[in-house]
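**Q** In my numbering, the protein residues as written are -16 to 392. Ideal placement from N, C-alpha and C gives every residue a C-beta, glycine not left out. It should be emphasised that the depicted structure is a prediction, and the values quoted were computed from it without experimental measurement. Structure incoming, see below.
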Ligand SMILES: Cc1ncc(COP(=O)(O)O)c(C=O)c1O
């Protein structure tokens, strides 16, 4: 590997150094200090521009500073930002109605981060298991998949099988049963009378954009229905246009009992997540049993409503699908030339780098030097999730940069 390394100036280096003095090490960022963003592009403090192919792990599906989302935020900033749920606010109802309609469900429970939506989904599933299904007290179990990533709270990392996420943070909550991802028969075999839910990502994001075999989601749906078990789809990264459909479950025409949404729901402006389900599921939570000071705040609701309105027309999904097909053709050409495999779903791709050409991190650093932001996952995989507003020519340019990096230039 001889391609050019990313070089930063003294001012950027000083900013990174001063940040590292006071920030705990929860991420391993690439060495770039971003100060502006517009659409698919960001600019660093030195004035260099980069094409953002990560989109904050899909939280920026609509790009940086989308004018329609900014307008909704600005308008709401001047009116009302926070009430807490101690009172009603005039934005939450319209947001909940719009999001429920987008998902074809009855009810929405708004939270903030993705991990909170997952935690909420677990609580709802357990409550449903006891109150509706009749599972004996404290005996409910939830089936999860190997390789999952659902967030970083202690309950959630307790059912991760990634040692970096999990080791050293126990003891963990019981009640989770692991099965291999993509294996519907394993889910069937793991069912017991105590099973309340199956919780999966329809496409595993952090694992490296791992797409299950065709028919898996339909089979999970059928198995859950037959066993009176909730199918919970964590669409926090895969949902809201990322894969060229509103939800990744749409790829198989499947409707889960519960959607977990986050990231792009906040329009790239603030954290906003939600659990979306029908009344017979979400209705099990009674007043006072769950909450969040900021969950459902009017600013987030105004932004979320605008995001839903933007998705309602379907243009972003159509664009994501077409651009994704275009991207896949370009990426497939790299297989055998430094890339061992690519997996593409809509505008989301996992690119496995041949170890002889470097690690995922090394490739990401060299892409950075060429003005492309991407991020590695699990050592050898480069994961990209360009904003849905990116142009085909920009994708072509980015793939060309990857080609040059792999060629050692
Ligand atoms: C599928 C999935 N679920 C949950 C989360 C957690 O979201 P957050 O980081 O907002 O807590 C993530 C984050 O990457 C995710 O990809």
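Which whole-angstrom value describes the C-beta separation of residue 385 and residue 13, a residue pair presumed to lie in contact below a C-beta threshold of 8 Å?
**A** Not quite, the Cβ-Cβ distance comes to about 15 Å (not below 8 Å), so this is no contact.
**Q** Please name the residue in 64, 107 and 62 whose C-alpha comes closest to that of residue 261.
**A** Closest option to residue 261, Cα to Cα, is 107.
**Q** Does the segment 340 to 347 come close enough to the segment 355 to 375 that 3 or more CB-CB pairs lie under 8 Å?
**A** Judged by Cβ distances under 8 Å, the segment 355 to 375 makes contact with the segment 340 to 347, as three or more pairs qualify.
**Q** Roughly how many angstroms separate the alpha carbons of residue 104 and residue 308, rounded to a whole number?
**A** Approximately 33 Å between the Cα atoms of the pair.
**Q** What do you reckon, are the CB atoms on residue 217 and residue 140 nearer than 8 Å?
**A** Cβ distance not < 8 Å, so residue 217 and residue 140 don't count as in contact.
**Q** When the Cα atoms are used, what is the spatial distance from residue 201 to residue 209?
**A** The straight-line gap from Cα to Cα measures roughly 12 Å.
**Q** Taking three-plus beta-carbon pairs below 8 Å as touching, is the segment 247 to 264 in contact with the segment 88 to 101?
**A** Yes: the two stretches touch, three or more of their Cβ pairs being nearer than 8 Å.
**Q** Once the 5 residues before and after residue 377 are set aside, which same chain residues still bring their CB inside 7 Å of it?
**A** For residue 377, where only same-chain residues beyond five positions count, the Cβ hits under 7 Å are 23 and 34.
**Q** Contact between the segment 172 to 190 and the segment 69 to 83: three or more CB pairs below 8 Å?
**A** In short, these stretches do not touch, since the Cβ pair count stays below three.
**Q** I'd like the span of the alpha helix (DSSP H) that includes residue 104, first residue to last.
**A** Residues 97 to 111.
**Q** Note down the Cα distance separating residue 236 from residue 388, rounded to an integer number of angstroms.
**A** Going from the Cα of residue 236 to the Cα of residue 388 covers about 39 Å.
**Q** Starting from the N-terminal side, write out each stretch of the alpha helix (DSSP H) that is 4 residues or longer and does not extend beyond the segment 138 to 221.
**A** Fully enclosed alpha helix (DSSP H) runs of 4 or longer: 146 to 149, 167 to 173 and 199 to 209.
**Q** With DSSP as the reference, please indicate the residues paired to residue 124 in a beta bridge.
**A** Answer by DSSP bridge pairing, in chain order: 178.
**Q** May I ask you to report which of helix, strand or coil DSSP gives residue -16?
**A** A caution first: residue -16 carries a pLDDT of 47, below 50, which makes its placement in the model unreliable, though a value can still be read off. Looking at residue -16 - three-state DSSP - the assignment turns out to be coil, as it is neither helix nor strand.
**Q** Under three-state DSSP, which class holds residue 360?
**A** It is a strand residue.
**Q** Do you know whose CA, among 43, 244, 8 and 10, lies nearest residue 25's CA?
**A** Among 43, 244, 8 and 10, the Cα nearest to that of residue 25 belongs to 43.
**Q** Just reading off the beta strand (DSSP E) that residue 12 is part of, what are its end residues?
**A** Neither: residue 12 is in no beta strand (DSSP E) and is coded neither H nor E.
**Q** Is residue 10 near residue 220, with beta carbons less than 8 Å apart?
**A** It is not a contact, given that the beta carbons lie outside the stated cut-off.
**Q** Starting from the Cα of residue 331, find the closest Cα among 337, 292, 317 and 365 and give me that residue.
**A** When each option's Cα is compared against that of residue 331, the closest is 365.
**Q** When you compare the CB positions of residue 156 and residue 138, do they come within less than 8 Å of one another, or not?
**A** Cβ distance < 8 Å, so residue 156 and residue 138 count as in contact.
**Q** Could you check how far apart the C-beta atoms of residue 36 and residue 367 are, in whole angstroms? I think they sit under 8 Å.
**A** Indeed, because the Cβ distance is near 4 Å, the residues count as touching under 8 Å.
**Q** Measuring CB to CB, does residue 334 end up less than 8 Å from residue 56?
**A** In this structure, residue 56 does not lie closer than 8 Å to residue 334 by Cβ.
**Q** With distances taken Cα to Cα, identify the nearest neighbour of residue 168 among 186, 144, 132 and 126.
**A** The option with the nearest alpha carbon to residue 168 is 126.
**Q** Residue 219: beta carbon under 7 Å from a heavy atom of ligand 1?
**A** At least one heavy atom of ligand 1 is nearer than 7 Å to the Cβ of residue 219, so yes.
**Q** Between residue -16 and residue 320, what straight-line distance do the alpha-carbon atoms span, to the nearest angstrom?
**A** Since pLDDT at residue -16 reaches only 47, below the 50 mark, its modelled position is unreliable, and the value read off the structure follows with that caveat. When rounded, the distance between both Cα atoms is 13 Å.
**Q** Verify the contact flag: residue 184, CB atom, against every heavy atom of ligand 1, threshold strictly below 7 Å.
**A** Checking every heavy atom of ligand 1 against the Cβ of residue 184, one is found closer than 7 Å.
**Q** Would DSSP call residue 267 helix, strand or coil?
**A** Correct three-state label for residue 267: coil.
**Q** In chain order, what residues of the same chain have a beta carbon less than 7 Å from the beta carbon of residue 375, not counting five sequence neighbours either side?
**A** Cβ neighbours of residue 375 beyond the five flanking positions: 306 and 309.
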